[in-house]
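Residue numbers for the sequence shown follow my numbering, so the first one is 1431 and each next one is one higher.
Below you'll find the structure, written out as structure tokens, and then a few comments.
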Amino acid sequence: MQGVWRELAGLVLPVDCAGCGRPRTELCAECRRALSRGGRGARRVRPEPSPAGLPRVWAGAPYAEEVRAVLLAHKERGALRLARPLGAVLAGAVRGLRPGGGPLLLVPVPSARRAVACRGHDPVRRIALAAAAELRRAGVGEGAGARVLAVLRQRRPVADQAGLSARQRLANVADALHVRGGSGRLLVGAPVVLVDDLVTTGATLAEAARAVGTAGGQVTGAAVVAARGAVEINRN
């Protein structure tokens, strides 16, 4: 119900830009350009050091300034209408992976149930749904189209990753994810793209790739809205 009330409030209450605070606009033109890197689009990135098992990762933008503010407004302050522009950025990162024709499966990295309950929504899943709609409009994932499969679950609690080193993050999420019972068959027959809002060390994406692979899915890469501290590499 929290998500419903936030949606209704957003329709009637004046808002400021989530990125820069400009009044009476939820996301101004300048901050939209920041999300799209001024029209330059997504780039392939690689955390240094990269954890074993990390697939190719494409990011829509660096995690800084306006981009950081917009992501936090959606994730922590319930600015739910930001899911659509963030989804467009994520869709650009998916296209960077060049997944080809045919059906495409977007598998969100899961949030802890307690975090979802506190926020009143699952931010990564919401952005993934917006990205899938954008990809379908663009004709990516022909046939069955681009679909979101929220099949990953945490099998055990993990600590907050903030402040942990790359090695500590790997230990924190090791064997922490699994594909929920009976869902493995849904992953067979189409390329899987892991999606998240942010990549830092890549530990969580590597663990998600392991869990999907164990269940029989074929991970073709990962797409995120933003990257923090990752090295950009060439587009191929």
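Glycine is no exception: its CB is placed at the ideal position from the N, C-alpha and C atoms.
Going by C-alpha positions, A1547 is about 17 Å away from L1502. Annotated three-state conformation of R1599 is helix, per DSSP.
Secondary structure in the region 1449 to 1537: the beta strand (DSSP E) runs of 3 residues or longer, each lying completely within the stretch, are 1473 to 1476, 1487 to 1492 in chain order. Given a length threshold of 3 residues, each whole run of the beta strand (DSSP E) inside the region 1582 to 1627 is given here in chain order: 1582 to 1584, 1607 to 1609.
Contact annotation, A1558 with P1587: C-beta distance approximately 23 Å; criterion of less than 8 Å not satisfied. DSSP places A1653 in the uninterrupted beta strand (DSSP E) bounded by 1648 to 1657.
Note on V1475: 16 or more other CB atoms within 10 angstroms of its CB, so buried under the neighbour-count rule. Counting only the Cα atoms, G1612 lies some 12 Å from G1646.
With 16 or more other Cβ atoms from the protein chains shown falling within 10 Å of its own Cβ, G1449 counts as buried.
Here D1605 is exposed, its C-beta having fewer than 16 other C-beta atoms within 10 Å. The shortest C-alpha to C-alpha distance from E1456 to any of L1510, A1601, P1485 is the one to L1510.
DSSP places A1576 in the strand class (E or B) of the three-state scheme. Annotation for C1548: the continuous alpha helix (DSSP H) segment containing it runs 1543 to 1549. Assignment of V1629 by DSSP, reduced to helix, strand and coil, places it in the strand class. The beta carbons of L1535 and R1577 sit closer together than 8 Å. In this structure D1627 is buried. Its beta-carbon is surrounded by 16 or more other beta-carbon atoms within 10 angstroms.
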